[in-house]
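Peer 1: Handing you this structure, nothing more for now.
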Amino acid sequence: MYLKDVETVFNRPQRNHDGVTALKTHNSYSPIAFCYKINLLMSLLQCLVLIVSLSIKTSVSSAHLNIPRLSPNGGKFLRGNYFAHDQQKTMSAADPINDFETFYYNQTLDHFNFRPDSFNTFQQRYLINFKHWGGSNVSAPIFAYLGEEEAIDDDLSIIGFLSENAHQFQALQIFIEHRYYGKSVPFGSREEAFQNADTLGYFNSAQALADYAEVLIHVKKKLHAQHSPVIVIGASYGGMLASWFRLKYPHVALGALASSAPILYFDNIVPPEDGYYSIVTKDFREASETCYQTIKKSWSEIDAIASQPEGLSFLSEKFHTCRPLIKSSELKNYLDNLYCNAAQYNSPPTYPVTAVCGGIDGASGNDTLTKIFAGVVAFSGNTSCYVNHPRNLTETDMGWSWQTCSDMVIPMTSVSNDSMFPAYQFDLKDYIKSCQAQYGVPPRPHWATTYFGGHDIKLALERFASNIIFSNGLRDPYSSGGVLEDISDTVVAVHAKNGSHCLDLLNANNITDPDWLVNQRKIEVKIIKRWIAKYYADLQAFKK
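Once you know that position 16 of the sequence shown is 16 in my numbering, the rest is easy, because the numbers rise by one and skip nothing.
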């Protein structure tokens with residue numbers, strides 16, 4: 001296979017957290033599967049580097065076709081050292097990771113059909129902590145964390161809400177891994193599971209919810225805990241799953257805590273001018289007006305320089321790129337991702353947005369791009385190079401790529417005159433064509449609102465839904481798609497003006513957590529206690 005043949009396999013790139021673009025694939029192969037096909041020519045590592053290098057053919061508009069990842073795990077920002085994921089992976093002091101036992105459930109591949117292959121199974125991983133559980137004799141509660149688009153190991157290291165509150169509730173803790181991530185991969189291997197749309201077709205949110213229901217019912221049966229109330233908890237995409245789980249499986253879960261869950265970010269429920277990029281802009285403008293203005297005018301300067309002879313070489317040198325830029329969109333995509341990450345995970349005590357603006361405003365001179373590069377260094381630290389450093393595709397890169405091309409179609413638009421980003425209007429027809437080219441099947445952009453609802457949510461949910469907390473930090477760009485007002489007495493919104501993405505569920509820090517964050521968590525605990533108390537009263541009355 002020649003290089004020109006390799007290039008025809010790939011189409012639309014996907015944005016990743018560090019600004020390096022990763023590729024989605026044609027329906028024939030995923031990147032990993034593709035690499036296996038040509039391993040006679042090069043090693044897997046070499047192939048993955050090639051894949052990333054080809055991704056620089058993206059354009060500015062295509063970057064906005066991609067959907068920022070929904071995850072609680074932004075890593076821990078250390079000033080001048082990006083988000084150092086290895087620094088974040090420390091268990092809450094409440095419960096060391098050794099207190100969790102690992103189990104596997106023989107999970108059904110397809111919950112919704114009766115084809116012979118629907119009855120195939122795979123091993124789904126879940127972990128249980130029995131340390132604080134009061135036992136089935138007293139129907140002590142169960143806290144169930146519903147995994148999102150990454151291996152469950154990542155959640156164990158950063159999610160502290162369950163372990164920090166398990167003792168006072170005498171609660172069992174269970175973390176369940178999402179299908180197609182971590183060790184919960186159908187078809188025997190990730191290579192096989194990601195082969196094409198035939199194997200990826202079982203990878204969607206409805207199947208994941210049914211997985212969680214089966215696991216929880218199984219665990220309750222094994223522990224003789226049929227009357228133990230279950231509180232499902234999720235962060236970001238997992239928060240969406242938690243809220244939907246309560247709506248779809250109220251006989252399994254008593255209540256749900258849905259943190260940073262943008263369940264309204266579908267089907268144009270969110271006005272384009274009030275979406276994700278408007279919050280990023282607001283965060284930066286509140287941090288510094290001059291920083292905001294500098295970023296806003298930088299895009300046109302980048303384009304102007306790039307259009308000149310040797311302009312890309314100048315930009316490559318200016319931003320110390322890891323290899324020469326081929327298109328200005330490489331640099332613009334990188335900056336776009338950097339600003340979005342800083343805003344989405346703008347957490348105390350370091351506040352990445354403040355750090356970026358400190359670098360921009362603190363740079364000497366009046367040159368715009370010198371200031372922008374100073375912001376990059378303030379965020380990423382002094383490294384050997386920036387922008388397009390080689391990076392291997394992760395399982396989350398590939399998994400989220402499929403999910404956003406199937407049922408998680410979240411329209412990203414930047415149309416406000418005040419936006420610090422270039423104008424971009426989401427084009428659904430182009431998006432569908434792009435996904436069709438990648439996987440051979442089109443997405444279902446209206447399926448989330450058809451299956452779970454979303455339009456006129458207050459009118460719909462106030463009449464039948466109960467026991468859901470929608471928690472948000474208003475500095476989180478995804479809060480633009482969150483539920484920010486109470487729907488009823490038991491479907492409530494808890495938000496913090498200065499909060500960021502999923503901050504309420506992350507490991508508590510008694511030294512640096514501000515009072516408003518501590519109070520937000522206390523409110524959530526109080527509400528859950530009220531649900532459980534009412535349940536026990538109802539259970540007692542039922543037994544009489």
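Ideal Cβ placement from N, Cα and C applies to all residues, glycine included.
Please classify P352 as buried or exposed, where buried requires at least 16 other C-beta atoms within 10 Å of its C-beta.
Peer 2: The residue is buried, with at least 16 neighbouring Cβ atoms inside 10 Å.
Peer 1: In whole angstroms, what separates the C-alpha of F112 from that of S118?
Peer 2: C-alpha separation (whole angstroms): 8 Å.
Peer 1: Figure out for me which residue from N268, S278, G134, A213 has the closest Cα to the Cα of D418.
Peer 2: Among N268, S278, G134, A213, the Cα nearest to that of D418 is on S278.
Peer 1: My output table needs one value for Q124: the three-state DSSP class, helix, strand or coil.
Peer 2: The answer is strand: DSSP assigns Q124 an E or B state.
Peer 1: Here's a check: name, in chain order, each residue in its chain whose Cβ is nearer than 6 Å to the Cβ of N106, leaving out the five neighbours to either side.
Peer 2: Hits under 6 Å: T121.
Peer 1: Is the distance from the Cβ of G238 to the Cβ of L146 below 9 Å?
Peer 2: Yes, these two residues count as a Cβ contact at 9 Å.
Peer 1: Please give me, in chain order, every unbroken run of the alpha helix (DSSP H) with length at least 4 that falls completely inside the segment 115 to 177.
Peer 2: If we require 4 residues or more, the alpha helix (DSSP H) runs fully inside the segment 115 to 177 come out as 152 to 158, 161 to 169.
Peer 1: Taking its Cβ as the centre, do 16 or more other Cβ atoms sit within 10 Å of Q168, making it buried, or is it exposed?
Peer 2: Counting Cβ neighbours within 10 Å, Q168 comes out exposed, since fewer than 16 surround it.
Peer 1: Quick one: what's got a C-beta closer than 7 Å to A306's C-beta in the same chain, skipping five residues either side?
Peer 2: So the list reads L312, L315, S328, once near-sequence residues are dropped.
Peer 1: Which class does V230 belong to by DSSP, given the choice of helix, strand or coil?
Peer 2: The answer is strand: DSSP assigns V230 an E or B state.
Peer 1: By the 10 Å Cβ neighbour count, where 16 or more other Cβ atoms means buried, how is H251 classified, buried or exposed?
Peer 2: With fewer than 16 Cβ atoms within 10 Å of its Cβ, H251 is classed as exposed.
Peer 1: Determine, using beta carbons only, whether S243 and A225 come nearer to each other than 9 Å.
Peer 2: It is not a contact, given that the beta carbons lie outside the stated cut-off.
Peer 1: Take N346 and list the residues in its own chain whose beta-carbon comes closer than 7 Å to its own, dropping the five residues that flank it on each side.
Peer 2: Cβ neighbours of N346 beyond the five flanking positions: D283, P352, V353, R475, S500.
Peer 1: So what's N388 in DSSP terms, helix, strand or just coil?
Peer 2: Looking at N388 - three-state DSSP - the assignment turns out to be coil, as it is neither helix nor strand.
Peer 1: Taking P559 and V409 to be in contact with their CB atoms under 8 Å, please state how far apart those CB atoms are, rounded to whole angstroms.
Peer 2: Any answer about residue 559 is impossible in this case: the structure gives the chain only from 1 up to 544.
Peer 1: Jot down the residue ranges of each uninterrupted alpha helix (DSSP H) in the segment 329 to 353, minimum 4 residues, whole runs only, in chain order.
Peer 2: Entirely contained in the segment 329 to 353, not one alpha helix (DSSP H) run reaches 4 residues.
Peer 1: Please name the residue in W133, I523, A151, T413 whose C-alpha comes closest to that of R125.
Peer 2: Comparing Cα-Cα distances from R125 to each of W133, I523, A151, T413, the minimum goes to A151.
Peer 1: For the segment 174 to 194 and the segment 519 to 530, state whether three or more C-beta atom pairs, one from each stretch, are separated by less than 8 Å.
Peer 2: Touching, no, given that fewer than three Cβ pairs across the two stretches are closer than 8 Å.
Peer 1: Can you tell me which of the three DSSP states Y82 falls into?
Peer 2: Unreliable positioning characterises Y82 in this predicted model, as indicated by a pLDDT of 41, which lies under 50. A coordinate reading is not provided.
Peer 1: Taking a contact to mean a Cβ-Cβ separation below 9 Å, would you say A213 touches I468 in this structure?
Peer 2: Cβ atoms of A213 and I468: not closer than 9 Å.
Peer 1: Leaving aside the five residues before and after W531 along the sequence, list all residues of the same chain whose C-beta is less than 7 Å from its C-beta, in chain order.
Peer 2: Only L254, G255, N467 meet the Cβ criterion.
Peer 1: On the CB-based measure, 16 or more other CB atoms within 10 Å of its CB, does S205 come out buried or exposed?
Peer 2: Buried, because 16 or more other Cβ atoms sit within 10 Å of the Cβ of S205.
Peer 1: Would you call L41 buried or exposed, if buried means 16 or more other Cβ atoms sit within 10 Å of its Cβ?
Peer 2: Because L41 sits at a pLDDT of 37, beneath the cut-off of 50, its placement in the model cannot be relied upon, and the following sentence gives the value as read from the coordinates. By the 10 Å Cβ count, L41 comes out exposed.
Peer 1: Under 6 Å Cβ to Cβ from P262, same chain only, skipping five residues before and after it: list those, please.
Peer 2: Correct list, in chain order: Y478, G481, G482.
Peer 1: Report the rounded CA-to-CA distance for A423 versus I295, giving the unit in angstroms.
Peer 2: Each residue's Cα considered, the two are about 14 Å apart.
Peer 1: Under the three-state reduction of DSSP, which class applies to A423: helix, strand or coil?
Peer 2: If DSSP states are grouped into helix, strand and coil, A423 belongs with coil.
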